[in-house]
Amino acid sequence: MPKRRPNWQTRFGFYLLAVGSAFGLGNLWRFPYVVGENGGGAFVLLYLFIGFLVGLPLLIGELTLGKLTRNSVLKATDRLGQNSENGKRFRAVGFLSLFLSLLVLSYYSVISGWVLHFLSLFMAKLVFGREGNWGLVLLMNNGWLQFLLASSHLLIAMFVLFKGVQDGLEKWSGYVMPFFGFLVAILVVRTLSLTPSGDVLRFLFYPDFSKLTYFSLSHALGHVFFTLSLGFGSLVTFGSYLQDHEHVPTVGFRVGLVDTTISLIGLLLIFPLAFKATDRPLTDPALLFDVVPQFFLELPGGTLYGFVFFLCLYLASLNASLGLLENVVSNLTESVKAFSRTQATWVSGLLVLVFAVFPALSTTSFQEVKLGSKSII
Ligand code: PFF
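Start counting the sequence shown at 0; every next residue gets the next number (numbering that gives the first Met the number 0).
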């Protein structure tokens, strides 16, 4: 008998997961420094415009492909190309998006490992009063520690996925996302009370178009793809689990809207911290990890605050990682019939780990390897 494709048990379950997967380090870590690099308010407007014009139709398109075919991206693109003379190209697109999931998850796991590191430091200080080494340098000088942390993160994600879509993913998101929303609300209130927020709000929301460059367009487009999880195939997988009566454009619009709102809240959360800690906007990917933890330590009650902050960051990165990993697992179980879900989860996790060696060691053994002028990670 063919395996029945799982549906979300509750409608809310789908939203929790689709939003959970869209919302991740992209919103809390990547978006703030991309906005900082591109000069603030005008870039935020450009991003919103491109998100609506390009991101939303693609988001709806991917969900629709999944819902109509009831397949994950490999099979879905295969079927799309069946009656076309370009069938092979459709297939190649499916493979490419799956490869992208593996690749991105490998570096995503390394960054999630950094988050896990700071989360454990804050926990150790909070519970045992133990001082740690708070600099990012410790991680940068120790590639294998980064690899170990990335592996721990992947194991946690695999553990949730072993249980399947309904018992694992849906239940997990049901517990975590409301808790997450609550924590973020507390953090934003606390953060906005830190600085005279006028400067921050002006930088973020007053558009100075002279700060936009030709590259801003590609940065905005790149970020729209990353934050809405477009082109990875994971939305095809989620769409394939939707129930028949769901109206996909409405679903897509809601997912996009919530993700964008969370990105804007992310700016309000991160920018006051960065301004206060460094007297300038956040323009460097490492800054969040380099200065923010030490800054927390100087605040009254900062250990608890720092712990909650990194817990939020970790939950966000875990949810997004679950989306990426579920995408690989569901494609594997569908394409290799011999694989059970558990086997497919192990194989996917191990594949990601192999790729993760490169970003994890990119500040040590692979320091000399550059992509253009940038290091692997
Ligand atoms: N959208 C996630 C983020 O903003 O962090 C990253 C991501 C998750 C990309 C899941 C792709 C994906 F399938």
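Using N, Cα and C, we set each Cβ at its ideal position, and we do this for glycine too.
Source: prediction; values computed, not measured.
Sequence-distant residues of the same chain with beta carbon closer than 6 angstroms to residue i, five excluded per side
{"i": "L267", "result": "V187"}
{"i": "P1", "result": "The predicted model places P1 with a pLDDT of 46, which falls under 50 and marks its position as unreliable; any figure quoted below should be read in that light. Contacts found: none."}
{"i": "L99", "result": "F231"}
{"i": "F146", "result": "A359"}
{"i": "S374", "result": "S361"}
{"i": "T222", "result": "First, the residue type needs correcting, since residue 222 is His and not Thr in the sequence shown. V33."}
{"i": "L125", "result": "T302, F306"}
{"i": "V356", "result": "none"}
{"i": "L148", "result": "G112, L115, H116"}
{"i": "L229", "result": "L57"}
{"i": "L79", "result": "F89"}
{"i": "T344", "result": "M157, L160, F161, V328"}
{"i": "F294", "result": "A276"}
Spatial neighbours of residue i in its chain, beta-carbon cut-off 8 angstroms, leaving aside the 5 residues before and after
{"i": "N141", "result": "T363"}
{"i": "V351", "result": "L101, L104, S105, S108, L153, L324, V327"}
{"i": "E333", "result": "N70, S71, L73, K74"}
{"i": "V247", "result": "I59, L62, T63, K66, G238, L241"}
{"i": "P56", "result": "none"}
Proximity test, residue i beta-carbon vs the ligand PFF heavy atom, cut-off 7 angstroms
{"i": "A184", "result": "no"}
{"i": "T260", "result": "no"}
{"i": "A355", "result": "no"}
{"i": "G385", "result": "Absent from the structure is residue 385, since the part of the chain shown begins at 0 and ends at 376."}
{"i": "V103", "result": "yes"}
{"i": "L24", "result": "yes"}
{"i": "A123", "result": "no"}
{"i": "S209", "result": "no"}
{"i": "S100", "result": "yes"}
{"i": "A319", "result": "yes"}
{"i": "T226", "result": "yes"}
{"i": "S71", "result": "no"}
{"i": "A21", "result": "yes"}
{"i": "F231", "result": "yes"}
{"i": "N326", "result": "yes"}
Closer than 8 angstroms to chain C by CB, residue i
{"i": "R129", "result": "Of the protein chains in this structure there is only one, and it is not chain C."}
Proximity winner among the options, relative to residue i (alpha-carbon distances)
{"i": "L296", "options": "G134, P56, A17, G80", "result": "G134"}
{"i": "I269", "options": "F309, V356, L44, S374", "result": "F309"}
{"i": "S151", "options": "G180, C311, W113, F179", "result": "W113"}
{"i": "G40", "options": "L298, V199, L52", "result": "V199"}
{"i": "F161", "options": "V346, K210, V353", "result": "V346"}
{"i": "G23", "options": "R129, F225, E84, V136", "result": "F225"}
{"i": "F274", "options": "W28, G25, F202", "result": "F202"}
{"i": "G251", "options": "E36, F51, W28", "result": "F51"}
{"i": "G180", "options": "G255, V53, T190, L314", "result": "L314"}
{"i": "F48", "options": "A219, R88, P31", "result": "A219"}
{"i": "G322", "options": "L97, L216, D243", "result": "L97"}
{"i": "I264", "options": "D243, C311, L234, K369", "result": "C311"}
{"i": "A184", "options": "I155, L118, L298, Y304", "result": "Y304"}
{"i": "G131", "options": "V53, Q342, P292, L182", "result": "P292"}
{"i": "S233", "options": "S119, V290, N330", "result": "N330"}
{"i": "Y213", "options": "W28, F30, R29, N37", "result": "N37"}
Contacting residues, own chain, Cβ-Cβ under 7 angstroms from residue i (five flanking each side not counted)
{"i": "V257", "result": "V18"}
{"i": "L144", "result": "L138"}
{"i": "S372", "result": "none"}
{"i": "I261", "result": "F22, N26"}
{"i": "F365", "result": "F357, I375"}
{"i": "R129", "result": "A123"}
{"i": "K369", "result": "none"}
Quiz item: What are the uninterrupted segments assigned as alpha helix (DSSP H) that are 4 or more residues long and contained completely in the segment 177 to 263, given in chain order?
Solution: As far as the segment 177 to 263 is concerned, its whole alpha helix (DSSP H) runs of at least 4 residues are 196 to 204, 213 to 226, 233 to 239.
Quiz item: With a cut-off of 8 angstroms, do at least 3 Cβ pairs link the segment 67 to 83 to the segment 238 to 249?
Solution: The way I'd put it, the segment 67 to 83 does touch the segment 238 to 249; three or more beta-carbon pairs between them come closer than 8 angstroms.
Quiz item: Touching or not, the segment 170 to 184 and the segment 307 to 326, by the rule of three or more beta carbon pairs under 8 angstroms?
Solution: Contact between the segment 170 to 184 and the segment 307 to 326 is present, because at least three Cβ pairs lie under 8 angstroms.
Self-check item: alpha helix (DSSP H) segments (min. 4 residues) lying fully within the segment 50 to 120
Solution: Fully enclosed alpha helix (DSSP H) runs of 4 or longer: 55 to 68, 72 to 79.
Exercise. Could you tell me whether the segment 190 to 209 touches the segment 37 to 50, using the rule of 3 or more Cβ pairs below 8 angstroms?
Key: Three or more pairs of CB atoms, one per stretch, sit closer than 8 angstroms, so the segment 190 to 209 contacts the segment 37 to 50.
Quiz item: What runs of the alpha helix (DSSP H), each 4 residues or longer, lie entirely inside the segment 16 to 50?
Solution: The alpha helix (DSSP H) runs of length 4 or more contained entirely in the segment 16 to 50 are, from start to end of the chain, 30 to 36, 40 to 49.
Practice problem: Write down every uninterrupted run of the alpha helix (DSSP H) in the segment 296 to 355 whose length is 4 residues or greater and which is fully enclosed by it, in chain order. | Solution: Taking only runs of at least 4 residues, the alpha helix (DSSP H) segments lying wholly in the segment 296 to 355 are 301 to 334.
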